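Notes for the one structure printed next.
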Amino acid sequence: MIAPRHYSHGMRTVLHTKLDDFSDQLVRFCEMNNRLLDLASVALLEGDEVAATEVIDGAAEVEDLREDSEQHAFDLLLLEAPVARDLRQVVSGIYIVEHFTRMAALTGHIARVARRRHPKPVVPDPVVPTIREFAERDSAMARNLGRLLPTKDVRLARSLDTEDDAVDSLHAELMRQISAEDWPHGSVAAVDLALLARYYERFADHTVSIANRVVYLATGERPGGGSLSHLDDGTVLD
């Protein structure tokens, strides 16, 4: 009777150690995405072709890391039948990895727009403040996400919903500008800006979806109210 209990305790110790490693891996994913986003914004606003190439290469590396992380998660499930909280952590982690991968892809899309127009500027001067605000708000959300993952602070998670509303407002305002009859910067700039607005807005949406998962992990309940109330509804965000 003693040996089986000892074995079970040992297996659970291994499981929790690997869960901690998996959580650390998610934080590294977040840090990498924040760096890629900042570099993509530099490439866009400063015409930095080297930064654009670095982002595109980095986004491809994140795709490779996703496969390793997902395999790590599946290996965790095979160690021992997890209790409910352990299961929530692993399943939530799988969803979070997918969101991080899509966020990295979005930074790559931003960088490609910048590189495609190089050496010409992509963003007309009057619109630079709006794009810069997109970049700053998304970056702040990503940094808050980096703090949220290890702390699982539900209040911080819910604050991302408010930040996302601000990004949505920026998106709506920019779309209003570029669709106006008196838009003076041409159709090419309008198309580029519509794409960029979408990429930044979707990046913010992914941070909220990850926050949803953290709330679920911390409480076992789906968030209620606002955009946090939808939890990975299957919508393709990128």
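In this note's numbering, the protein residues as written are 14 to 251. Ideal Cβ positions, reconstructed from N, Cα and C, are used throughout, including at glycine. Quick caveat: nothing in here was measured; it's all calculated off a predicted structure.
Following the continuous alpha helix (DSSP H) through D174, name the residue where it begins and the one where it ends. Along the sequence shown, one-based indexing puts residue 174 at 161. 167-191 is the span of the alpha helix (DSSP H), which, as asked, contains D174.
So, is D61 buried or exposed, given that buried needs 16 or more other C-beta atoms within 10 angstroms? What you label residue 61 is simply residue 48 of the sequence shown in a count that begins at 1. It counts as buried.
Name the residue from V135, P139, D177, V140 whose alpha carbon lies nearest to the alpha carbon of A155. Position 142 of the sequence shown, counting from 1, holds the residue named residue 155. For A155, the nearest C-alpha among the options comes from D177.
Look up P142 in the DSSP assignment and say whether it is helix, strand or coil. Reading the sequence shown from its first residue, position 129 is the one you call residue 142. P142: helix per DSSP, three-state reduction.
Can you tell me the Cβ-Cβ gap for V141 and L58, rounded? I've got them flagged as a contact below 8 Å. Here residue 141 refers to the residue found at position 128 of the sequence shown. Here residue 58 refers to the residue found at position 45 of the sequence shown. Right, the Cβ-Cβ distance comes to about 7 Å (below 8 Å), so this counts as a contact.
Cα-Cα separation between F42 and K31, rounded to whole angstroms: As a working mapping, residue 42 is identified with position 29 in the sequence shown. As a working mapping, residue 31 is identified with position 18 in the sequence shown. Between F42 and K31, the C-alpha separation is close to 16 Å.
In this structure, how does DSSP classify E194 when only helix, strand and coil are distinguished? Residue 194 sits at position 181 when you count from the first residue of the sequence shown. If DSSP states are grouped into helix, strand and coil, E194 belongs with coil.
What number of angstroms, rounded off, separates the C-alpha of S192 from the C-alpha of E214? What you label residue 192 is simply residue 179 of the sequence shown in a count that begins at 1. What you label residue 214 is simply residue 201 of the sequence shown in a count that begins at 1. Rounded to the nearest angstrom, the two C-alpha atoms are 18 Å apart.
Looking at the structure shown, is G233 part of a helix, part of a strand, or coil, going by DSSP? By 1-based counting over the sequence shown, the position of residue 233 is 220. G233: coil per DSSP, three-state reduction.
How big is the Cα-Cα spacing for E67 and I109? Position 54 of the sequence shown holds residue 67. Position 96 of the sequence shown holds residue 109. Their backbone Cα atoms lie some 23 Å apart in a straight line.
Using a 10 Å radius around the Cβ and a threshold of 16 neighbouring Cβ atoms, would you call F147 buried or exposed? On the sequence shown, residue 147 is found 134 positions in, with the first residue counted as 1. Buried is the call here.
Once you ignore the five residues that flank D88 on each side, which residues in its own chain have a CB closer than 8 Å to its CB? In the sequence shown, the residue the question calls residue 88 occupies position 75. Excluding residues within five positions, the ones whose Cβ falls inside 8 Å are K31.
Got a sec, what are the start and stop residues for the alpha helix (DSSP H) V126 sits in? Against the sequence shown, residue 126 aligns to sequence position 113. First-last of the alpha helix (DSSP H) with V126: 97-130.
In angstroms, rounded to a whole number, what distance separates the CA positions of P197 and I123? Taking the first residue of the sequence shown as 1, we reach residue 197 at position 184. Taking the first residue of the sequence shown as 1, we reach residue 123 at position 110. C-alpha separation (whole angstroms): 23 Å.
So, helix, strand or coil for G71, using DSSP? Counting from 1 along the sequence shown, the entry for residue 71 is found at position 58. Note: G71 maps to helix in three-state DSSP.
Buried or exposed: where does A86 fall if 16 or more other Cβ atoms within 10 Å of its Cβ makes it buried? Looking up residue 86 in the sequence shown gives position 73. That one is buried.
In or out: R226 buried (at least 16 other Cβ within 10 Å) or exposed? Translated into the one-based positions of the sequence shown, residue 226 becomes position 213. That one is buried.
Output the distance between the C-alpha atoms of S222 and H112, rounded to the nearest integer angstrom. Here residue 222 refers to the residue found at position 209 when the sequence shown is read from its first residue. Here residue 112 refers to the residue found at position 99 when the sequence shown is read from its first residue. In a straight line, the C-alpha of S222 is about 8 Å away from that of H112.
Three-state secondary structure assigned by DSSP to P163: Stepping through the sequence shown from its first residue, residue 163 is reached at position 150. In this structure, P163 counts as helix in the three-state DSSP scheme.
T114 vs V75 beta-carbon contact at 8 Å: Against the sequence shown, residue 114 aligns to sequence position 101. Against the sequence shown, residue 75 aligns to sequence position 62. Yes, the pair counts as a contact, with Cβ atoms nearer than the cut-off.
From Y229, A65, L187, residue whose alpha carbon lies closest to that of L162: If you number the sequence shown from 1, residue 162 lands on position 149. Answer by Cα proximity: Y229.
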